[in-house]
Amino acid sequence: MYEGDWVLRLSQMVRERKTPAGWRLPANVWGLGITSLLTDISSEMVISVLPAYLVLTRGLTPLALGFVTGLHEGGPILATWAGGLIADRSGRRKLTATFGYGLSAACRLGWLAFSGRTIAAIAGLVLVDRLGKSIRTAPRDAMISLSVRSSQLATAFGVHRALDAAGAAAGPVLAFALLWRLPRRYDVIFFTSFVVALLGVAALALLVDERAQPGAAGLPPTDRRWAEALSVFTDAPLRRTLILATALSLVTISDAFIYLLIVQRSHASPQWLPLLYTGTAISFLTLAIPVGCIADRVGRRRTFVVGHAPLLGAYIVALGGFNWWPWNAVTAVVCLGAYYASSDGVLAGLAGGQLPVKGRAVGLAWVATAVSLARLCSSILFGFLWVRAGDLTAVFTFAAALVAVASAALRTRVTERPLTS
464 MYEGDWVLRL
474 SQMVRERKTP
484 AGWRLPANVW
494 GLGITSLLTD
504 ISSEMVISVL
514 PAYLVLTRGL
524 TPLALGFVTG
534 LHEGGPILAT
544 WAGGLIADRS
554 GRRKLTATFG
564 YGLSAACRLG
574 WLAFSGRTIA
584 AIAGLVLVDR
594 LGKSIRTAPR
604 DAMISLSVRS
614 SQLATAFGVH
624 RALDAAGAAA
634 GPVLAFALLW
644 RLPRRYDVIF
654 FTSFVVALLG
664 VAALALLVDE
674 RAQPGAAGLP
684 PTDRRWAEAL
694 SVFTDAPLRR
704 TLILATALSL
714 VTISDAFIYL
724 LIVQRSHASP
734 QWLPLLYTGT
744 AISFLTLAIP
754 VGCIADRVGR
764 RRTFVVGHAP
774 LLGAYIVALG
784 GFNWWPWNAV
794 TAVVCLGAYY
804 ASSDGVLAGL
814 AGGQLPVKGR
824 AVGLAWVATA
834 VSLARLCSSI
844 LFGFLWVRAG
854 DLTAVFTFAA
864 ALVAVASAAL
874 RTRVTERPLT
884 S
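Laid out in structure tokens, this is it:
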């Protein structure tokens, strides 16, 4: 009884902190940040052990792993549009986000019940999990933006993304600790992940208020919104950026394959796999700001293309060109972190500079959709090549294709527009 009273009292205290003073942010931002922190811990606990669990324990083929990781990276991303549309039309952003978080939490429990069955059941769990993520993203970000003054938007999203990234780094560490103490007890990881996901849903329910949101009124009709969404394709520079980003994403090998190849070639224990995800996240967080500053100085398009050189370095490590454990793993995670720092944020800046203010959010959503779908295809294609021709041939093919696409992009002269506000 006392524990329940304590939780209710804490919830009331957090809810009462509605008005920020100075740099302080409203309780909603922190509540949504804690929700994302816990949800990412839960998600990354499962994702970081999938290569070892599916291939080394379950004995599934690399093609099956490619299909599963492809669904994770580029699954039902178009549902993001549906989540935003439902939340805007109904005005129930918290309810829509809660449904998305709850759907993902239910999938964690599903891993205990169905993960030992067919690849179809596993793929279904990943698909529904990503569906939940797609549904919750837009209403969650809308609640953050509607909870703060315009002068605090960047700070609010920065705090939220920092908590989100902390969860992404902590999840694999927790999975590693569990595997260290309980080798091959993946069921313990799945159950712990479910409990953490439930805590995330509880944080959303207890710590976040859905306030009156006048900004939701006066939305344009659905057909007009879709017309605005499609109008971004009339811009030639953006079309070129979409083609470039899609082509490079098609020759990108999923992290899961790179990690798996390194562990196999080094004859290392699979329990180290989760730490490679954490290492990549730390490398990315360390390099993201410096690389962004460099991109603003020398050009975002050039930085985006040249930023795929570290990815080629990770391919070389995966090929066995540097096979000294654990330094080959350290080299790979540094290369992957540098690649993500040069691609994700820089691509958003590149596309943003080619879009008008009014259509910038929609245009960036299309870029993210194109990249995700291309990565889905690349994961399946790499898994197919691995099964049909061997892992060395698959990595070499993707490396050669990456060099060809990047070289062609560097030879193409494109003038960047300045980023407008």
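Take the position in the sequence shown, starting the count at 1, then add 463; the result is the number in the working numbering.
In this text, a Cβ means the ideal position worked out from N, Cα and C, and glycines have one as well.
Just so we're clear, the structure is a prediction, and the values are computed from it rather than from any experiment.
Per-residue DSSP class, three states only, for residue i
| i | result |
| --- | --- |
| P489 | coil |
| I716 | coil |
| W788 | coil |
| T559 | helix |
| R521 | coil |
| H730 | coil |
| T581 | coil |
| S511 | coil |
| E673 | coil |
| W849 | helix |
| I706 | helix |
| Y465 | Here the model assigns Y465 a pLDDT of 40, short of 50, so the residue's position is not dependable, and the following value carries that caveat. In the structure shown, Y465 sits in a helix (DSSP, three-state: H, G or I). |
Whole-angstrom distance between residue j and residue i, CA atom to CA atom
| i | j | result |
| --- | --- | --- |
| T524 | Y649 | 19 Å |
| D715 | L775 | At residue 715 the sequence reads Thr, which differs from the Asp that was named. Approximately 9 Å between the Cα atoms of the pair. |
| V797 | P514 | 20 Å |
| A744 | T581 | 31 Å |
| V636 | A781 | 22 Å |
| R556 | G565 | 14 Å |
| L707 | R644 | 45 Å |
| S729 | L488 | 47 Å |
| R624 | A751 | 13 Å |
| L572 | F657 | 6 Å |
| G621 | L500 | 13 Å |
| W829 | Y802 | 21 Å |
| I510 | A804 | 21 Å |
| S610 | G563 | 20 Å |
| A568 | D592 | 8 Å |
| A792 | G533 | 22 Å |
| G853 | L723 | 14 Å |
| L517 | S842 | 15 Å |
| L588 | R702 | 34 Å |
Boundaries (first-last residue) of the alpha helix (DSSP H) holding residue i
| i | result |
| --- | --- |
| A867 | D854 to R874 |
| S746 | L736 to V761 |
| G776 | A772 to L782 |
Note to self: So within the segment 605-667, which uninterrupted alpha helix (DSSP H) runs reach at least 4 residues, ignoring any that extend past its ends?
What the structure shows: Counting only runs of at least 4 residues, the segment 605-667 fully encloses the following alpha helix (DSSP H) elements, listed from N- to C-terminal order: 616-644.
Margin query: If contact is defined by three or more beta carbon pairs under 8 Å, each pair taking one atom from either stretch, is the segment 838-858 in contact with the segment 717-725?
Written below: Enough Cβ pairs lie closer than 8 Å, so yes.
Check: If we count Cβ pairs, one from each stretch, closer than 8 Å, do we get three or more for the segment 764-772 versus the segment 865-877?
Finding: Segments in contact, yes.
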